[in-house]
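For the working numbering, count along the sequence shown from 1 and bump the result up by 54.
See below for the structure under consideration.
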Amino acid sequence: MIRAAIAAFAFMLLPLAHGAAAADETPDPFAHPAVLEPDVRFWIRVYTEVTTDQGLLHDDWNLALVYEVLRFDPDTSPSQRERRVTEAKARYAGLLKRFAAGSTEDLTPHEQRILHAFGANATPRDYRDAIDRIRFQLGQANRFHEGLIRAAAWEKHIAQTLAQHGVPTEIAALPHVESSFNLAAYSKVGAAGLWQFMPGTAKRFMRVDSLVDERLDPYRATEAAANLMLYNYRLLGTWPLAVTAYNHGPGGLRRAQDELGSSDIAVIVKRYQGATFGFASRNFYVAFLAALEVDRNAEKYFGPITRLPDTDSTPVELPDYVSVEALSKAFKVDMGALRVLNPALRPPIWNGSRFVPRGYALRLPGNPPPAEIAAAWERLPPAQRYLTQRNDGRHKIRRGETLAGIAAASGVSLSRLLAANGWNEGRVATRGESVVIPLPASRAERGSLTAGAVAQAAPPTQAPSPPPPPQGLAAEPAATAQAAAPRPPKEPVSPRQTDSNALLPVAAPTGNTDPTDYSVAANNTVIVQAAETLGHYADWSGVNSQTLRSLNKLRKNAMVTLGRKVKLDLSRVSAEQFVAKRREYHQRLQEEYFATHRIAGTENYSVKRGESLWIIAQQHADLPIWLVAQYNPDVDFNDVRPGSTITLPQVAPINRQ
């Protein structure tokens, strides 16, 4: 088949690419194999020649094969465009059927070009297979040009942040692929912001909830992107794979490495056949290379570009809860300007139903000196500074609740709660009754006028240089299970969404950042992961623990340890059902942790004599074992050796109020 022929051709060219890299004294961290060049050229064409009123009908495997450039009238409706694309696909499907039937006479020059693109040795099956590969890609030239204009405001900051984290500054071109540098971009699959983080991935690195969505903050989101890229690199060992994992997830790329026995991006792109490694994942790296080429040579492709000036602002960390209106007046900043500089604050903050949270780094225009910031804070009356977040105004009493408990949970005194509802001290809570929740106490009412000064937020600390590819290290027994947290509220829907046929068809990062293999082997065995017990396996498989103890010849009180192989009894559930329950358990565990923590960086730690992974994790901000294991997936957890180096995530608390 033509797909196999292309893959074989790619494989033959790989030694040439390696030879070129070896000859370079300072190799580019981003390989540019010759076999991927046609794909890179395809995306350069999409980004520079074809606008959103046009599109390429092409083969989704051999990107050099473009059937036709479709052009649309700007007033054409989406349904009319879709109809034209469908008709064009049907037309070329008919042509390929003719080729498969051997009917190659009386062809137009255009049809002959398509026939010749398949080569002299193409078989009828090659033509039939190509029918299902006909794909339409909307052009992006005008969007990319707009992104180049916007990018200038952020490029310097992005490059500095990436460098501080030890991430190649070339990654600064990735937002061209993700969002065209549109800070407010939302995709229909839920990705948001400059770096198009999905909520689940974002919550590992920043705050995402109904009050603050830091995916929309270009500063915090860039720091998160750097941490994610560094995490991917630590797991995969190469920057091309780290970029690809931004879309596909590191777990999938590790499986590709294992299956193919290679970390070469060209081998994986052209030969990996993973079930979820589709068009978007296969093309993510070459699209990035194309964006990098266009970004570096913007005037070559677009001519002179008038760029936006650098964004100039100062972050100020708030020690109290304050209304955004009060902050606007105290710092003498127009509400509109404040909103532009703080896109992470969600509607409840701007409509006044919630305060700007304590600890939030409010951005102010320009570079006001510390004395000016302190003076502005002094202008803010203590009566407008609150110690707890504002409630929604009402609460329905539930079974077991008391008025004193409700008052404490709402940050108000019992007397204040009673007064707001017109009740006396003898009032008893009645289940189902609605209680009015007054504003929480201010600093003036608490009698504390100097309980913390406003401070300029510090820039991100410099992270260590990228380590060599991951190596195996320490170990420890699995921890006991933690209670599952309730699922977080759904994200508010934004009316501003990117088009369905964006620079790539799927926004990233969509892949799961958890690289752990939760599968069941063919002999019904699993490898014990952190926070798992024999009781979990019994529950997920519908048998009792004693059955599993007997099956694995375990003594009565013996515990399963991290990295051990355990035999399962799957007589009552399928392997797929077991894996689904196992994944759900770990997902809840991780959601609970990242509801109150975020990853702010990493550190390299040298194991000392007498230390175990359990001891190390407990000594470092009480890290959960499963998180340490995710950052060290190649560690031998039954062989802790002094002097070995492991990677420890640095975590910071998140204030969810």
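Note that the Cβ used here is the ideal one computed from N, Cα and C, for glycine as well.
For clarity, every value in this text was computed on a predicted model and none was experimentally measured.
Contact under 8 Å by Cβ, residue i with residue j
{"i": "Asn478", "j": "Ser464", "result": "no"}
{"i": "Phe198", "j": "Tyr339", "result": "no"}
{"i": "Leu493", "j": "Arg481", "result": "no"}
{"i": "Leu284", "j": "Thr298", "result": "no"}
{"i": "His112", "j": "Gln191", "result": "yes"}
{"i": "Arg497", "j": "Arg439", "result": "yes"}
{"i": "Glu371", "j": "Ala278", "result": "no"}
{"i": "Trp293", "j": "Phe126", "result": "no"}
{"i": "His170", "j": "Leu343", "result": "no"}
{"i": "Arg448", "j": "Ile491", "result": "yes"}
{"i": "Ile708", "j": "Val661", "result": "no"}
Nearest neighbour of residue i, chosen from the options [CA to CA]
{"i": "Thr106", "options": "Glu165, Pro492, Gln194, Ser157", "result": "Gln194"}
{"i": "Asn301", "options": "Leu314, Leu282, Ser316, Gly420", "result": "Leu282"}
{"i": "Leu622", "options": "Tyr591, Gln600, Arg652", "result": "Tyr591"}
{"i": "Ala380", "options": "Thr330, Pro363, Ala437", "result": "Ala437"}
{"i": "Gly596", "options": "Asp349, Ser628, Thr570, Val580", "result": "Ser628"}
{"i": "Lys619", "options": "Ala415, Gly697, Glu586, Arg626", "result": "Glu586"}
{"i": "Arg636", "options": "Ala654, Asp593, Gln672, Ser604", "result": "Asp593"}
{"i": "Ala280", "options": "Gly109, Ile670, Asn396, Pro229", "result": "Pro229"}
{"i": "Gly142", "options": "Ala391, Ile185, Gly328", "result": "It is worth fixing the name first, because residue 142 is Ala in this sequence and not Gly. With distances taken between Cα atoms, Ala142 lies closest to Ile185."}
{"i": "Thr656", "options": "Gln218, Glu347, Phe153", "result": "Gln218"}
{"i": "Pro92", "options": "Gln673, Ala341, Gly244", "result": "Ala341"}
{"i": "Leu713", "options": "Gly173, Gln134, Asp374, Tyr121", "result": "Absent from the structure is residue 713, since the part of the chain shown begins at 55 and ends at 711."}
{"i": "Leu416", "options": "Leu602, Pro402, Pro132, Phe385", "result": "Phe385"}
{"i": "Leu362", "options": "Phe235, Ile653, Ile581, Ala429", "result": "Phe235"}
{"i": "Val580", "options": "Lys607, Arg603, Gly617", "result": "Gly617"}
{"i": "Leu314", "options": "Gln704, Glu645, Gln327, Thr456", "result": "Gln327"}
{"i": "Tyr685", "options": "Pro253, Ala495, Ser241, Pro304", "result": "Pro304"}
{"i": "Glu224", "options": "Val94, Arg135, Asp82, Thr255", "result": "Asp82"}
{"i": "Phe356", "options": "Ala227, Val104, Val582", "result": "Val104"}
{"i": "Leu346", "options": "Gly201, Arg609, Ile403", "result": "Gly201"}
Paired residues, beta bridge with residue i - DSSP
{"i": "Asp113", "result": "Ile188"}
{"i": "Asp571", "result": "Looking at the DSSP assignment, Asp571 forms no beta bridge with any residue, so it has no partner."}
{"i": "Thr703", "result": "Inspection of the sequence shows that residue 703 is occupied by Pro rather than by Thr. Paired residue(s): Thr656."}
{"i": "Lys621", "result": "Thr579"}
{"i": "Gln510", "result": "Val370"}
{"i": "Ala246", "result": "Tyr240, Phe251"}
{"i": "Gln108", "result": "Arg125"}
{"i": "Asp267", "result": "Val262"}
{"i": "Val490", "result": "Arg448"}
{"i": "Ser233", "result": "None, per the DSSP bridge assignment."}
{"i": "Ser464", "result": "Answer is none; Ser464 lacks a bridge partner."}
{"i": "Ser496", "result": "Tyr440"}
{"i": "Tyr375", "result": "Tyr440"}
Per-residue burial, residue i [other beta carbons within 10 Å of its own, 16 or more giving buried]
{"i": "Asp366", "result": "exposed"}
{"i": "Thr567", "result": "buried"}
{"i": "Ile359", "result": "exposed"}
{"i": "Gly332", "result": "exposed"}
{"i": "Asp318", "result": "buried"}
{"i": "Leu558", "result": "Legend: pLDDT at Leu558 = 48, less than 50; position of this residue unreliable, no value from coordinates given."}
{"i": "Ala77", "result": "At Ala77, the pLDDT of 37 sits below 50, so the modelled position is not reliable; the number obtained from the coordinates is stated separately. It counts as exposed."}
{"i": "Glu432", "result": "exposed"}
{"i": "Met768", "result": "Any question about residue 768 goes unanswered here, given that the chain covers just 55 to 711."}
{"i": "Asn611", "result": "exposed"}
{"i": "His164", "result": "exposed"}
{"i": "Leu702", "result": "buried"}
{"i": "Met260", "result": "buried"}
{"i": "Val694", "result": "buried"}
{"i": "Asn337", "result": "buried"}
{"i": "Asn405", "result": "exposed"}
{"i": "Gly697", "result": "exposed"}
{"i": "Pro569", "result": "buried"}
{"i": "Asp160", "result": "exposed"}
{"i": "Lys210", "result": "exposed"}
{"i": "Tyr672", "result": "In the sequence on display, residue 672 carries Gln and not Tyr. With fewer than 16 Cβ atoms within 10 Å of its Cβ, Gln672 is classed as exposed."}
{"i": "Met613", "result": "exposed"}
{"i": "Gly247", "result": "buried"}
{"i": "Lys257", "result": "buried"}
{"i": "Arg137", "result": "exposed"}
Any non-hydrogen atom of the ligand NAP closer than 7 Å to residue i Cβ
{"i": "Pro83", "result": "Although the ligand NAP was asked about, the structure shown includes no ligands whatsoever."}
Where in the region 647-697 do unbroken runs of the beta strand (DSSP E), each at least 3 residues long, occur, reported from the N-terminal end onward?
Runs of the beta strand (DSSP E) inside the region 647-697: 651-660.
At what residue ranges does the region 119-196 contain a whole run of the beta strand (DSSP E), taking only runs of 3 or more?
Whole beta strand (DSSP E) segments, 3+ residues: 120-125, 188-192.
May I have a chain-ordered list of the beta strand (DSSP E) segments no shorter than 3 residues that lie completely inside the region 318-361?
Counting only runs of 3 or more, we get nothing.
Could you tell me which uninterrupted beta strand (DSSP E) segments, each at least 3 residues in length, are contained entirely in the region 383-450, listed from first to last along the chain?
Restricted to the region 383-450, the beta strand (DSSP E) segments that are unbroken, complete and at least 3 residues in length are 415-419, 448-450, listed in chain order.
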